[in-house]
Amino acid sequence: MIWQMIEDWFRGILTDGILSNLSGLFDSVNTEVGEIATQVGTTPAGWNAGIFNMIRSLSENVIVPIAGVIITFVMCYELIQLVIEKNNLHDLDTWIFFKWIFKTFVAVLLVTNTWNIVMGVFDITQSVVNDSAGVIISDTSIDIATVITDIEAKLDAMSVGGLFGAMVSITLCGAYHESVVYLYHAGGVRAHD
Numbered sequence: 005m006i007w008q009m010i011e012d013w014f015r016g017i018l019t020d021g022i023l024s025n026l027s028g029l030f031d032s033v034n035t036e037v038g039e040i041a042t043q044v045g046t047t048p049a050g051w052n053a054g055i056f057n058m059i060r061s062l063s064e065n066v067i068v069p070i071a072g073v074i075i076t077f078v079m080c081y082e083l084i085q086l087v088i089e090k091n092n093l094h095d096l097d098t099w100i101f102f103k104w105i106f107k108t109f110v111a112v113l114l115v116t117n118t119w120n121i122v123m124g125v126f127d128i129t130q131s132v133v134n135d136s137a138g139v140i141i142s143d144t145s146i147d148i149a150t151v152i153t154d155i156e157a158k159l160d161a162m163s164v165g166g167l168f169g170a171m172v173s174i175t176l177c178g179a180y181h182e183s184v185v186y187l188y189h190a191g192g193v194r195a196h197d
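Residue numbers for the sequence shown follow this note's numbering, so the first one is 5 and each next one is one higher.
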């Protein structure tokens, strides 16, 4: 009789602890999922302005001039090949020069606007992420009561040893999750990203 009362008391403590830990774990996961949309939707300039400005400067001051030199060589080579191919301008069609001028114009336009094109892609993806953030948060939200409807009945059917094992494993999972979240927000994990 006394042993049964002690076992029921201990079982009640373990069941309440398991339910509390599961609820806290699911609440923490829901919070992190809600923050993911904000993190993914961050613009490159908002993520790290120093690196963003450095990459922009490299693009405008190093990459674009090198690409301009390469385009100059390629387009000059192509023009020379057109002249040679058409028998030193004896068999000349003016549309060849218009075609060459158009190709050169498109190449120069693409190279000079590479940064704007890349940032446009980032803006489009950020818009998609921001538009879908509400759907993601509402569809991935986990409510323990709806996921496991009869959890208390299942826990009551378990032995004290099983309840203790479940309590320890759920507590360790929750502690691991909280430590990873803490390290991430404190800058300990992926601090230089």
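Glycine included, each C-beta is placed from N, C-alpha and C at the ideal position.
Here the structure is a predicted model, which is why all the values come from computation and not from measurement.
Local conformation of residue i per DSSP, three classes
| i | result |
| --- | --- |
| SER163 | coil |
| ASN57 | helix |
| LYS90 | coil |
| ASN52 | coil |
| VAL193 | In this predicted model, VAL193 has a pLDDT of only 49, less than 50, meaning its place in the structure is not dependable; the value taken from the coordinates is given anyway. VAL193 falls in the coil class under three-state DSSP. |
| THR47 | coil |
| MET5 | coil |
| LEU96 | coil |
| ASN117 | coil |
| ASP154 | coil |
Between the CA atoms of residue j and residue i - distance to the nearest angstrom
| i | j | result |
| --- | --- | --- |
| GLY45 | GLN130 | 5 Å |
| VAL133 | VAL164 | 46 Å |
| TRP7 | GLU39 | 48 Å |
| TYR180 | LYS107 | 58 Å |
| ILE70 | VAL33 | 47 Å |
| LEU18 | THR35 | 25 Å |
| MET9 | SER183 | 37 Å |
| MET5 | VAL139 | 54 Å |
| ILE100 | MET123 | 34 Å |
| THR47 | ASP127 | 8 Å |
| ARG15 | LYS158 | 12 Å |
| VAL66 | ILE84 | 27 Å |
| LEU86 | CYS80 | 10 Å |
7 Å Cβ shell around residue i - same chain, five flanking residues per side excluded
| i | result |
| --- | --- |
| GLU82 | TRP104 |
| TRP119 | ARG60, SER63 and GLU64 |
Same chain only: Cβ atoms within 8 Å of residue i, ignoring 5 sequence neighbours per side
| i | result |
| --- | --- |
| ASN25 | MET171, ILE174, THR175 and GLY178 |
| LEU29 | ILE174, CYS177, GLY178 and HIS181 |
| GLU156 | THR19 and LEU23 |
Buried/exposed call for residue i, threshold 16 Cβ in 10 Å
| i | result |
| --- | --- |
| LEU167 | buried |
| ILE22 | buried |
| LEU113 | exposed |
| LEU62 | exposed |
| LEU96 | exposed |
Residue-level contact to chain D via CB, residue i, 7 Å cutoff
| i | result |
| --- | --- |
| ILE74 | Structure shown: chain D not included; a single protein chain is present. |
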